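Below: one structure, written as C-alpha cells.
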Amino acid sequence: MNFENLDVWKRSARLSAEIYKATASLKDFGFRDQLTRSGLSVPSNIAEGMSRDSIKEQKRFLDIARSSLSEARTQIYIGIDIGYLPKQQGHEWLVETRELSAMINSLKNKIT
Numbered sequence: 009m010n011f012e013n014l015d016v017w018k019r020s021a022r023l024s025a026e027i028y029k030a031t032a033s034l035k036d037f038g039f040r041d042q043l044t045r046s047g048l049s050v051p052s053n054i055a056e057g058m059s060r061d062s063i064k065e066q067k068r069f070l071d072i073a074r075s076s077l078s079e080a081r082t083q084i085y086i087g088i089d090i091g092y093l094p095k096q097q098g099h100e101w102l103v104e105t106r107e108l109s110a111m112i113n114s115l116k117n118k119i120t
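Under my numbering, think of the first position of the sequence shown as 9, with each following residue one higher.
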C-alpha cells in the first residue's frame with residue numbers, strides 16, 4: 009500500500025506542517041519542540057508502517073502514529089490553556105486529531 013495515496017497520511021502531514029508554521033516564533037523551545045515532534049511523528053509512522061511487509065508491523069506503526077496524535081492533542085490542550093496557541097486554531101487542530109485518530113483506527117481494521 010502506497011502511503012502517499014492515503015488521505016490519513018496527507019492530512020496528518022498537512023497538520024504537522026501547520027503546527028510547524030504556527031509555532032515557529034514561539035519562544036518556549038521545549039514546548040514547541042515537543043509539539044512539533046509529536047505532530048511530525050504521525051505521518052512519519054504512517055509512512056514507515058505502510059512500507060513494512062508484515063501486517064503486525066504495519067499495525068504497530070499505526071498504533072504509534074495514533075499514540076503520537078494523543079500526545080499532540082494533549083499538548084494542544086495545554087498550549088491553548090497557557091496562551092501559546094490561539095483558541096480557534098487549537099480547537100481546529102483538536103478536531104483534526106480526533107478525525108485522524110478515527111481514520112488510523114479504520115485503516116488498521118482494514119489491514120488483514
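Quick reminder that beta carbons are idealized off the backbone N, C-alpha and C, glycines included. From a predicted model like this one, the values you see are computed outputs, not experimental measurements.
Please state whether DSSP places residue i in a helix, a strand or coil.
{"i": "K18", "result": "helix"}
{"i": "Q58", "result": "According to the sequence provided, residue 58 is Met. The question's Gln does not apply to it. The answer is helix: DSSP assigns M58 an H, G or I state."}
CA-CA distance, residue i and residue j?
{"i": "R68", "j": "G57", "result": "7 Å"}
{"i": "R74", "j": "T82", "result": "13 Å"}
{"i": "L42", "j": "I63", "result": "Before going on, a small fix: residue 42 reads as Gln here, not Leu. If you take the alpha carbons of Q42 and I63, they lie about 29 Å apart."}
{"i": "I90", "j": "D71", "result": "29 Å"}
{"i": "L8", "j": "A32", "result": "With the chain represented from 9 up to 120, any question about residue 8 goes unanswered, as that position is not in the structure."}
Just mark residue i as buried or exposed, buried being the case when its beta carbon has 16 or more other beta carbons within 10 Å.
{"i": "E104", "result": "buried"}
{"i": "K8", "result": "This structure leaves residue 8 out entirely; the chain is present only between 9 and 120."}
{"i": "T44", "result": "buried"}
{"i": "Q96", "result": "exposed"}
{"i": "S59", "result": "exposed"}
So, under 8 Å CB-CB, residue i and residue j are touching, yes? Tell me the CB distance rounded to an integer number of Å.
{"i": "R40", "j": "L48", "result": "Not confirmed; about 12 Å, so no contact."}
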